[in-house]
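Right, one structure below, let's go through it.
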Amino acid sequence: MADIGVATEPIRIVLAEDHWLMREGTRHILEQCSDCRVVGEAENGQEALELIQRTQPDVAILDIRMPKLNGIEVVRRMKEVSSNTRALMLTAYDDDDYILALIEAGALGYLLKTARPNDVIDAVRQVNAGEPVLHPAIAMKVARLWARRRDAAKAQSGQGPGEDLSQREWEVLQLAANGFRNKAIADKLALSVRTVEGHFRSIFAKLGVSSRVEAVLYALSHQMVTQEPQNKT
């Protein structure tokens, strides 16, 4: 996992949770984070979407089951009203269908409410930096489910997982699986950031996925890449 330091500018956060006590507890955790600032709180999905549109936060922390509009629908719709806001789900639900639906909708992070305070703060920083976050208890389970779904689609082509990736694309995917961001990948491989972005687009097309999260999950589940301690300095 990449080392995500303290942001130079406060991370602006909208917090949406229908249970008052949980919302208060999460806000208290975020108040201990020197580079986090809660700019709005919502107790239902519709209110959350309106807050996101009005405040244009960096990160939206959302529950799944909320009145008026559920978290999945908020993630889908918020792209239209605040395209730069990234979604971090903080929920009690680890149902497979929920998780896959959220990944497909574009959520960048998924934490269970059993997460420790430091894990929540770290997740906010990672999501703000554009890095995917999945709670360890569900990551590999979701990877296997996602892989089976994609395998069914790719089986018609007769190709095995990742057979058509170039050597450079393999290298990019390996670094992504170990938490390297685009700039760090570019530096490591002596490429431009634009070239790295182009490799990711090609990887997405070849694996039949639409995001970095999906690509890494697919690759890990098929043992195409390994996660190892890396020096990212």
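Just add 9 to wherever you are in the sequence shown, counting from 1, and you've got this note's numbering.
Beta carbons are placed, not taken as given, at the ideal position from N, Cα and C, and that holds for glycine.
Proximity of residue i and residue j at Cβ, strictly below 8 Å
i: T100; j: L121; result: yes
i: A132; j: G118; result: yes
i: G80; j: G54; result: yes
i: A214; j: V205; result: no
i: L111; j: M98; result: yes
i: A224; j: L182; result: yes
i: A96; j: L71; result: yes
i: V83; j: N137; result: no
i: S91; j: Q62; result: yes
i: E180; j: I212; result: no
Beta strand (DSSP E) segment containing residue i, residue limits
i: L121; result: G118 to L121
i: T100; result: R95 to T100
Endpoints, alpha helix (DSSP H) assigned at residue i
i: R221; result: R221 to S230
i: L198; result: N191 to L198
i: T204; result: V202 to L216
i: D173; result: Per DSSP, D173 belongs to no alpha helix (DSSP H) and is neither H nor E.
i: P141; result: P141 -> no alpha helix (DSSP H), and no H or E assigned at all.
Own chain residues within Cβ distance below 6 Å of residue i, not counting five before or after
i: A51; result: A25, A57 and L60
i: T235; result: none
i: V48; result: R21, T64 and P66
i: I38; result: P126 and V129
i: N191; result: V202 and V205
i: M75; result: D27, N53 and G54
i: L200; result: none
i: L143; result: Y119
i: G207; result: none
i: Y102; result: I73
i: R46; result: P19 and R21
i: C42; result: I130
Classification of residue i by the beta-carbon crowding that lies within 10 angstroms, buried from 16 upward
i: D106; result: exposed
i: E18; result: exposed
i: R175; result: Here the sequence assigns Ser to residue 175, which means Arg is not the residue at that position. By the 10 Å Cβ count, S175 comes out exposed.
i: L30; result: exposed
i: S219; result: exposed
Chain-order list of residues whose beta-carbon lies under 7 Å from that of residue i (same chain, five-residue window excluded)
i: V221; result: It is Arg, not Val, that sits at residue 221 in the sequence shown. Cβ within range, chain order: P141, A185 and F209.
i: R85; result: A114
i: D173; result: K215
Cutoff 8 Å; reference residue i; Cβ partners in own chain excluding five residues on either side
i: A124; result: L99, A132 and H144
i: R36; result: L24, V47 and E50
Please list the segments of the alpha helix (DSSP H) lying wholly inside the region 16-92, counting only runs of 4 or more residues, in order along the chain.
29-40, 54-64 and 80-90
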